[in-house]
Amino acid sequence: MSILKMFNDNFKKNPLKDVLISKSRRFTFKDINLLSNYLAKSLLNLTDKEIVPFYIEEVIYVLPIVLGIIKAGKIPLPITNSLSINKSLDRIMDVDFDTVISDKNQDYYLKDVDFLILPENDDEYIDDDNFTINLENKISYIICTSGTTGTPKKVFLTEDNISWLLNEFYNIVDFTSESKFLFTTPYTFDVSLTEILAPVFTGGTLVCFEADINSIINISKILNDEKISHLSLSPSFAETIIDTNESTIFDNLQVLCLAGEVFPGTLANKLRPTISKGCRVFNFYGPSETTIYTTYYELKNKQYNVVPIGKPIPGATIRVVPNRSDLKNQQGELWIGGQGVTDGYLLQPDLNSKKFTKINGERYYHTGDYVYFQGENLVFSSRIDNQVQVNGIRVELDEIKSLVDKVTSVDSSRVVFYKKKIYIFYVAQNEEKDRILKNLPSYLNPIVVKVDKFYLTQNRKLDVTKMLDKYYYNERFLDEDVIRKSILEILSQFGCVEVLDLDSLESVKFYLEIEDTFNIKVRESDIYKLKSIETTIEYVKDKMKGNPDNKHTNNINSDNRDLVNIEYNLSDSYLLKYADGIVDATPTQYRLYNNKQFRTVYFDISLKSIDCEELLRIKSLLKILSDKIDIFRMIIKKVDSGIEFRLIEKERYIPNIFILNRFPNNLILQEILDSKTCIPIPIIAVSTYDKIVRFYFPYHSIDSSSLNMLENIIYQAYEHKNNISSVKESSLYKFDQYKKSFLYTELPSDVLNKLPAVKDNLNFSVLKQGLQIFELPVNMDDSKDDVYLYTVYALCRCILLDYNILSISGGLSYDFRQFINFDAESLIGDIHKKIPFEVKLNENYQDFKLNFQNQLNLYGQGIDFSEMALRRGDSVGQLIKNRINNLSLSINYIGEALKIDDLVKQILANKFEKNFINIFSHKGKTYSVICSSIFKNNSYEIERNNEKIVATVSNEIL
Numbered sequence: 001m002s003i004l005k006m007f008n009d010n011f012k013k014n015p016l017k018d019v020l021i022s023k024s025r026r027f028t029f030k031d032i033n034l035l036s037n038y039l040a041k042s043l044l045n046l047t048d049k050e051i052v053p054f055y056i057e058e059v060i061y062v063l064p065i066v067l068g069i070i071k072a073g074k075i076p077l078p079i080t081n082s083l084s085i086n087k088s089l090d091r092i093m094d095v096d097f098d099t100v101i102s103d104k105n106q107d108y109y110l111k112d113v114d115f116l117i118l119p120e121n122d123d124e125y126i127d128d129d130n131f132t133i134n135l136e137n138k139i140s141y142i143i144c145t146s147g148t149t150g151t152p153k154k155v156f157l158t159e160d161n162i163s164w165l166l167n168e169f170y171n172i173v174d175f176t177s178e179s180k181f182l183f184t185t186p187y188t189f190d191v192s193l194t195e196i197l198a199p200v201f202t203g204g205t206l207v208c209f210e211a212d213i214n215s216i217i218n219i220s221k222i223l224n225d226e227k228i229s230h231l232s233l234s235p236s237f238a239e240t241i242i243d244t245n246e247s248t249i250f251d252n253l254q255v256l257c258l259a260g261e262v263f264p265g266t267l268a269n270k271l272r273p274t275i276s277k278g279c280r281v282f283n284f285y286g287p288s289e290t291t292i293y294t295t296y297y298e299l300k301n302k303q304y305n306v307v308p309i310g311k312p313i314p315g316a317t318i319r320v321v322p323n324r325s326d327l328k329n330q331q332g333e334l335w336i337g338g339q340g341v342t343d344g345y346l347l348q349p350d351l352n353s354k355k356f357t358k359i360n361g362e363r364y365y366h367t368g369d370y371v372y373f374q375g376e377n378l379v380f381s382s383r384i385d386n387q388v389q390v391n392g393i394r395v396e397l398d399e400i401k402s403l404v405d406k407v408t409s410v411d412s413s414r415v416v417f418y419k420k421k422i423y424i425f426y427v428a429q430n431e432e433k434d435r436i437l438k439n440l441p442s443y444l445n446p447i448v449v450k451v452d453k454f455y456l457t458q459n460r461k462l463d464v465t466k467m468l469d470k471y472y473y474n475e476r477f478l479d480e481d482v483i484r485k486s487i488l489e490i491l492s493q494f495g496c497v498e499v500l501d502l503d504s505l506e507s508v509k510f511y512l513e514i515e516d517t518f519n520i521k522v523r524e525s526d527i528y529k530l531k532s533i534e535t536t537i538e539y540v541k542d543k544m545k546g547n548p549d550n551k552h553t554n555n556i557n558s559d560n561r562d563l564v565n566i567e568y569n570l571s572d573s574y575l576l577k578y579a580d581g582i583v584d585a586t587p588t589q590y591r592l593y594n595n596k597q598f599r600t601v602y603f604d605i606s607l608k609s610i611d612c613e614e615l616l617r618i619k620s621l622l623k624i625l626s627d628k629i630d631i632f633r634m635i636i637k638k639v640d641s642g643i644e645f646r647l648i649e650k651e652r653y654i655p656n657i658f659i660l661n662r663f664p665n666n667l668i669l670q671e672i673l674d675s676k677t678c679i680p681i682p683i684i685a686v687s688t689y690d691k692i693v694r695f696y697f698p699y700h701s702i703d704s705s706s707l708n709m710l711e712n713i714i715y716q717a718y719e720h721k722n723n724i725s726s727v728k729e730s731s732l733y734k735f736d737q738y739k740k741s742f743l744y745t746e747l748p749s750d751v752l753n754k755l756p757a758v759k760d761n762l763n764f765s766v767l768k769q770g771l772q773i774f775e776l777p778v779n780m781d782d783s784k785d786d787v788y789l790y791t792v793y794a795l796c797r798c799i800l801l802d803y804n805i806l807s808i809s810g811g812l813s814y815d816f817r818q819f820i821n822f823d824a825e826s827l828i829g830d831i832h833k834k835i836p837f838e839v840k841l842n843e844n845y846q847d848f849k850l851n852f853q854n855q856l857n858l859y860g861q862g863i864d865f866s867e868m869a870l871r872r873g874d875s876v877g878q879l880i881k882n883r884i885n886n887l888s889l890s891i892n893y894i895g896e897a898l899k900i901d902d903l904v905k906q907i908l909a910n911k912f913e914k915n916f917i918n919i920f921s922h923k924g925k926t927y928s929v930i931c932s933s934i935f936k937n938n939s940y941e942i943e944r945n946n947e948k949i950v951a952t953v954s955n956e957i958l
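With full-length UniProt numbering, you'll find the sequence shown wraps up at 958, consecutive numbering, no jumps.
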C-alpha cells in the first residue's frame, strides 16, 4: 500500500485527531493534508526538477513537507540544519535541484535556487482541501549517509522499501493508533523515518520538540508529561541519559528502540530494572542502503556481555560471507538482500556496482560489517575497515568497558577504537587512570582520558574528535616528555631508535603516524623539519600550539633577480670544462627524456644560520663528500639522441651554491632547465628567506631510495652525527662500466626464454583516455617487495579475466642492488631496473613470485635485457628489443604516499602512456593509477592464502 494511500485512510478515519504535537502548536490529520496540498501545488508551479531538498528548524513541519513533495510526484531530500544553509547546500551540489523548502527565510548565495517558505498563517492554505495527486514517484526518499562535513553519499529509497520496513517495524514494536512516539532523531538520519511516518502508517501520534528543549536535562519531564510510549535512541545517547538522570527514566515507556551503533553489554545491564518493569527494549541493526533496519533483537532481563543484533526482519534476507583468514571465530561479512535493498547510490553508478551484488537474480548489499552467529542470533563484530586488533589479538571493546566500569569510583565510561588506538574516556570524581590500567591486560596499551562529560554528534553518537580535542590533545601534547615518548613508540614500530634509521618507505609511514598520533597535518614541504627526534618534537609543539606555518613555500615565485642568478649559474661553458668521463643514461632515463616526461625532485636541509661562514662550511662538506659520492660531480649533457651524463674529475670539482632570496616555482625552474644543454647534478641552492639549502635532481637522475640515502648522509654530516670518513663510496661511473661489461654476453636459449615472448595482446590505442585507480587491501606487515609483487599479480589477474587472455607481460621498475660481483647497496643515483615479468591465468601468486625471483637472480649476474635492447646492435639485441617492445604493461612502485590526492595529481602531470601503471601504498592499501580505462569492472574478488579480498576500481574524471 502506498504512503499516500495509508495517509488518506487514516485522515478519513480521524480527520480532527491531533497527531503532530510540539510546544508551540498542534496539527490534525486535516491540517497536515491542507498544508501538504498547498506545498504540492506550489512545487508544481515552481519547479520541473525531480528532487526537492528541505531545510527545517521546527521539526513539526517535516511530515507535511514530506507528504507535499510526494504528492507533487517528487522526491524529498532532507538536508541538515546543524550547518548553515549555504554549507548544507554545498553538500548536495551533486544533485539536480532548483527549489528548497524551508520554514524560515534564509540568507543564501546560490543564484539559481528558489526558496519555498512555509506560510506564516494557516489562512494561506485553508482552501487547499482538494488536490489531484500527481503520479507518485518510484523513488520516495533520499537519505544522506555521511556526517556533517564533506559531500555525503545519497541513498535512494523506493516506496516499496519504506512501506515494507515501516509495516514490519510497527508490528514488531506494537505501535498503534493509541501510541505516542517522541521525535528525537535528527530528521536527516534514516531512523527518523520510523518516527516521522508513524502517524501515516498507524494513526498514532508524533510528539515533536525542538533541539533546545529536547535535551538530556528535560527529557524525563517530556516523557512523563506527554505519556510517551515509544522512543528511539542511539546507545550512546541512551547511556548518557541514564548516567545524567535517574536510572528509572525509561521505566514508563512501552518500547525503547536502540540503533545506530554497537549496543554495549554495560548499557543492557543498566536497563535490566527497566525491562523488569515491562518496558520492551530492542536492538535494531541495519544500514541506510537496506532501508534503515534489517535485523532486530529483543533484550531479556538477564546479564549481557554482548548484545546480539538478532534475526532478520521478515522480508529481509542475509548472507554471511566467510572471512577465511579468521575461521576460528567463524565470522564473515554481512550481505543483505530482500525487500529493503534500495536503489542505492543512483548518483554514483560506479560505487553502486561496487557495493551491490546480484546472486541468483537477487541484489545484495555489502555492509562492510563483520558478524557471527551466537545460536540463532547474529552478533556484530566490527567494521571490516576498522577491525580492533592489538598486537595481532582481536579485542572486544565492550569487554574493556565492563572492566573499566568495575572501578568503583568510575561513574560512566566510553571505549572507542580510533586511528588504530584504543581510547577510554571516563567520568569520575578523582583521577583513576592507574586503577583502570591495573584492570586491563598490558598488551592493550590504551589511552585513558578523564572527562567531565561525553560529547555527542548530531546523530547522538560519541563525538570522538571533539572528545580528543577537548580532553586529550591540547592538554597532553604540551608536555615535551610525553611527545618524546610518543615519537619513540612510533619509531619502535619500525625497529628504529632515530628518525634517520628509517628507510624511504618507513619515513612516509612515520609521518603518517605522527599525523594520527598528534592530530596534526604534516605538509610535504615540512618534511625536512622531521629529521631527528628533537626537531620532530619542536614541530609537533608548534603545530599543537596552533602556531602558523612558517613562511617556507614552494608556490611563492622568486623575483627576477633570483631567476637571473639561476640562469647565470647554469651557463654552459664552465660545466663542460672539466667533464671527461661519460656515464650512459639508463633505458628508463632515456625513454622518459625522449617522451618529454621531465621531473625534478629535491630534498631540503635546514641551516643553523645564513652567513658566509656557514655557507663555506656547507661548500667544504660537499667537496669532501664528492670525493666519495660521484653523483655530486655529474652533469647532464643533452645530445641528439637524448641525454648522457658527464663526470668531473675529483680534483677539478668545486661545489657551486646558488644564493637566492626565495626558491623558484617548480614550473619556472623546469623551463630554465629545459633551455639549457648542460645542467649540474645536483643543483644546490640556498634560500636566505627560508634558511634552507636545497638539492635539486633533474631529469630522473636519482631514484627515491637513493634520494633518501643521500639526504640522510648530508644531514648527518652537517649535524656532526657521523664521521664523513665512514661514508661508503658510491660510483655511478664504475657501475656503468660494470653494466657495459655484460652487454654482449652470450645468452643461451634458457636465459633468453626468461624474457617473455608474449605478443602484445592488449591494444592500448583503442582504450579510452581516462584515470582509473585500482584499490587493493594488503598486509602492510609484508615486505615492501611482497606488497608490490602481490599488487602487480592481482591487477594482472583482473585484466586477464576482463579480456579473456591466457597471459600478460610487462616490466617492473625495481630498486635492484643485489649484484654478485658489484656492491651496489650504497650506490646513489637512478639504480632502478626494469625487470620483465609475465602473469599467467593458470598460475597462483607463489608461482608468479618464484618466477620473478628467478628473473632477479639473472639480473644479479649482470644481465639486463633493457640495456641490451637499447645498446646491443646484433641479432640478439634485436630479438631482445622486439620482445621488450611487446611487453604490455610498464609498472612503477612509488612507495608509501603521504597525501593520496597530491600524488595522483603529480602522476597526471607527468602524462604517462596508457599502459603505464604507478603503484603506491597508503595505510594498508595499495593504489594502482593508470591513465586509461583498462579495467572493465568496478570490483574484483581475488583470493590469497585462502582468503577472499575485494579490489575496487574507481573511474576518476580528468
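Positions of the beta carbon are idealized from the N, C-alpha and C atoms, including for glycine.
As the structure is a computational prediction, the values presented were derived from the model and not from experiment.
Near the ligand NAP: Ile714 beta-carbon under 7 Å from a heavy atom: Ligands are entirely absent from the displayed structure, and the ligand NAP is therefore not among its contents.
Backbone secondary structure at Asn105 - three-state DSSP: coil
Cα-Cα separation between Glu362 and Pro287, rounded to whole angstroms: Computed Cα separation, rounded: 18 Å.
Local Cβ density within 10 Å of Gln772, reported as buried at 16 or more and exposed below that: buried
First through last residue of the alpha helix (DSSP H) which encompasses Val904: Ile900 to Ala909
Runs of alpha helix (DSSP H) wholly within the segment 167 to 254 (minimum 4 residues, chain order): Entirely contained in the segment 167 to 254, the alpha helix (DSSP H) runs reaching 4 residues are, in chain order, 192 to 196, 198 to 202, 219 to 225 and 235 to 244.
Cα-Cα separation, Glu480 to Ile610: 28 Å
Nearest candidate by alpha-carbon position, reference Ser102, set Pro64, Ile422 and Asp122: With respect to the C-alpha of Ser102, the residue from Pro64, Ile422 and Asp122 having the closest C-alpha is Pro64.
Per-residue burial, Lys180 [other beta carbons within 10 Å of its own, 16 or more giving buried]: buried
Backbone secondary structure at Cys612 - three-state DSSP: helix
Simplified DSSP state of Gly877, which is helix, strand or coil: helix
Endpoints, beta strand (DSSP E) assigned at Gly361: Neither: Gly361 is in no beta strand (DSSP E) and is coded neither H nor E.
Ala685, DSSP secondary structure in three states: strand
Local conformation of Thr148 per DSSP, three classes: Because the pLDDT at Thr148 is just 38, under 50, the model does not fix this residue reliably, and the value given afterwards should be weighed accordingly. In the structure shown, the three-state DSSP call for Thr148 is coil.
Contact the segment 635 to 644 vs the segment 733 to 753: 3+ CB pairs below 8 Å: Below 8 Å, too few C-beta pairs join the segment 635 to 644 and the segment 733 to 753 to call them touching: fewer than three.
Contact between the segment 889 to 909 and the segment 744 to 761 (3+ Cβ pairs under 8 Å): no
Chain-order list of residues whose beta-carbon lies under 7 Å from that of Glu261 (same chain, five-residue window excluded): Ser234, Pro235, Ser236 and Lys461
DSSP-derived helix/strand/coil call for Pro53: In this structure, Pro53 counts as strand in the three-state DSSP scheme.
Pair within 8 Å by beta-carbon distance, Ser36 and Leu16: no
Continuous beta strand (DSSP E) stretch holding Ile490: start and end: Premise fails: Ile490 lies in the alpha helix (DSSP H), Glu480 to Gln493, not in any beta strand (DSSP E).
C-beta neighbour in chain D for Asn137, strict 8 Å: In the structure shown, chain D cannot be found, because there is only a single protein chain.
The segment 188 to 199 in contact with the segment 220 to 229 per 3-pair CB rule at 8 Å: Contact between the segment 188 to 199 and the segment 220 to 229 is absent, with fewer than three C-beta pairs closer than 8 Å.
Of the listed residues Val19, Val904, Val59 and Met93, nearest to Val52 (C-alpha basis): Met93
Backbone secondary structure at Asn377 - three-state DSSP: Look at Asn377 here: in three-state DSSP terms it is strand.
Ile370 vs Phe356 beta-carbon contact at 8 Å: Correcting the residue type first, residue 370 is Tyr in the shown sequence and not Ile. No, these two residues do not count as a Cβ contact at 8 Å.
Extent of the continuous alpha helix (DSSP H) to which Met634 belongs: Met634 -> not in any alpha helix (DSSP H); beta strand (DSSP E) instead, spanning Met634 to Val639.
Cβ-based neighbour list, Ile143, same chain, cut-off 6 Å, excluding 5 preceding and 5 following: So the list reads Val155, Asp190 and Ser288, once near-sequence residues are dropped.
Given Lys834 as reference, the closest of Phe865, Ser807 and Leu850 once Cα atoms are compared: When only C-alpha atoms are compared, the closest one is Phe865.
Neighbour-count burial assignment, Leu887, 16 or more Cβ in a 10 Å radius: buried
Span of the beta strand (DSSP E) around Cys931: Lys925 to Ser932
Phe282 versus Leu166 - alpha carbon distance: 15 Å
Per-residue DSSP class, three states only, for Ala717: helix
Closest residue to Asp48 among Asp98, Phe54, Ile56 and Gln846 (Cα-Cα distance): Asp98
Meets three-Cβ-pair contact criterion under 8 Å: the segment 337 to 345 and the segment 270 to 285: no
Limits of the beta strand (DSSP E) - the one that Pro78 falls within: Ile75 to Pro78
Where the beta strand (DSSP E) through Phe115 begins and ends: Asp114 to Ile117
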